[in-house]
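Step one of this worksheet: look at the structure below.
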Amino acid sequence: MDTVANRIAVARTRGPASAAEMVDAAREFADLMATRRSIRHFAPDPVPMEAIEEAVRAASTAPSGANLQPWRFVVITDPDRKRRLRDAAEAEERAFYQRRASPEWLDAIAPIGTDWHKPFLEVAPAVIVVFEVHQGPRTPKPYYVKESVGIAVGLLIAALHRAGLATLTHTPSPMRFLNTVCERPPEERPYVVMPVGFPAADAWVPDLERKPLREVLVRR
Ligand SMILES: Cc1cc2nc3c(=O)[nH]c(=O)nc-3n(C[C@H](O)[C@H](O)[C@H](O)COP(=O)(O)O)c2cc1C
Numbered sequence: 001m002d003t004v005a006n007r008i009a010v011a012r013t014r015g016p017a018s019a020a021e022m023v024d025a026a027r028e029f030a031d032l033m034a035t036r037r038s039i040r041h042f043a044p045d046p047v048p049m050e051a052i053e054e055a056v057r058a059a060s061t062a063p064s065g066a067n068l069q070p071w072r073f074v075v076i077t078d079p080d081r082k083r084r085l086r087d088a089a090e091a092e093e094r095a096f097y098q099r100r101a102s103p104e105w106l107d108a109i110a111p112i113g114t115d116w117h118k119p120f121l122e123v124a125p126a127v128i129v130v131f132e133v134h135q136g137p138r139t140p141k142p143y144y145v146k147e148s149v150g151i152a153v154g155l156l157i158a159a160l161h162r163a164g165l166a167t168l169t170h171t172p173s174p175m176r177f178l179n180t181v182c183e184r185p186p187e188e189r190p191y192v193v194m195p196v197g198f199p200a201a202d203a204w205v206p207d208l209e210r211k212p213l214r215e216v217l218v219r220r
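Taking the UniProt record's numbering, the leading residue of the sequence shown gets 1, the next gets one more, and so forth.
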């Protein structure tokens, strides 16, 4: 018995035709992605909301376990809600940096130069809070949630970068306060917080090295 109700034929490729064109396209994309950096100092200038919506649309095309698409993207632009987000995040972060963080962790993040202050949560014109959607009154039990949401966030970061917008992948610890700030139900679990905007005029990033291809790619 055929259990697949509907099938849609797919063309072999929707991209470039020749091998050389494929390599060019892949290189062009890798070069673009190589220019992405995590930004922690934002300008208050507004961003086109439609660009953010399109980036979320790109994110929501991600593959997901059993196609359950277990993600929710809350886009905060209201200044009052951003201030509450910052206040709540800084309260958690202060406790984390001053008491809960292990010396090893503090050593690992020292080169990045972060501390408990999170002004970007208020200054950036938009903040996307991504939630995992677990089983709830209206949502089924999902599979491979972290993997699925991680892939969606990867697409989101790439799409925002392609649109010329700066982002940060921010993971306050713990994160449950985000349900209150975003007014989301308990079956939605915060995954990551992403301020979105343009870098401030005096923004800086740590001078980091990316591992060379020969170190990360193994051919067999
Ligand atoms: C899962 C994850 C969590 C992160 N959490 C934070 C964070 O809470 N605060 C922060 O300033 N950067 C955070 N980062 C950003 C990393 O520090 C950054 O990606 C890394 O240093 C490489 O720099 P780049 O993004 O500019 O290439 C996080 C990145 C990832 C992937």
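Note that the Cβ used here is the ideal one computed from N, Cα and C, for glycine as well.
Small disclaimer: the values here were computed from a predicted structure and weren't measured.
Restricting attention to beta strand (DSSP E) runs no shorter than 3 residues, the stretch 14-91 encloses them at 71-76, ordered along the chain.
Counting C-beta atoms within 10 angstroms of its own C-beta, Ser64 has 16 or more neighbours from the protein chains shown and is therefore classed as buried.
For Val129, the enclosing beta strand (DSSP E) starts and ends at Ala126 to Val133.
When the Cα atoms are used, Leu165 and Pro195 turn out to be separated by approximately 10 Å. For the stretch 135-217, the full-length alpha helix (DSSP H) segments reaching 4 residues or more read 145-162, 177-182 and 213-216 along the chain.
With respect to Val56, Val129 sits apart: the two C-beta atoms are not nearer than 9 Å. Three or more beta-carbon pairs drawn from the stretch 113-133 and the stretch 182-190 are found closer than 8 Å, and the two stretches are therefore classed as touching.
Nearest in C-alpha terms to Ala152, of all of Pro199, Ala101, Thr77 and Ala59, is Ala59.
The stretch 197-205 and the stretch 137-151 do not touch, with fewer than three beta-carbon pairs separated by less than 8 Å.
Between the stretch 90-99 and the stretch 167-179 there are three or more C-beta pairs closer than 8 Å, enough to call the two in contact.
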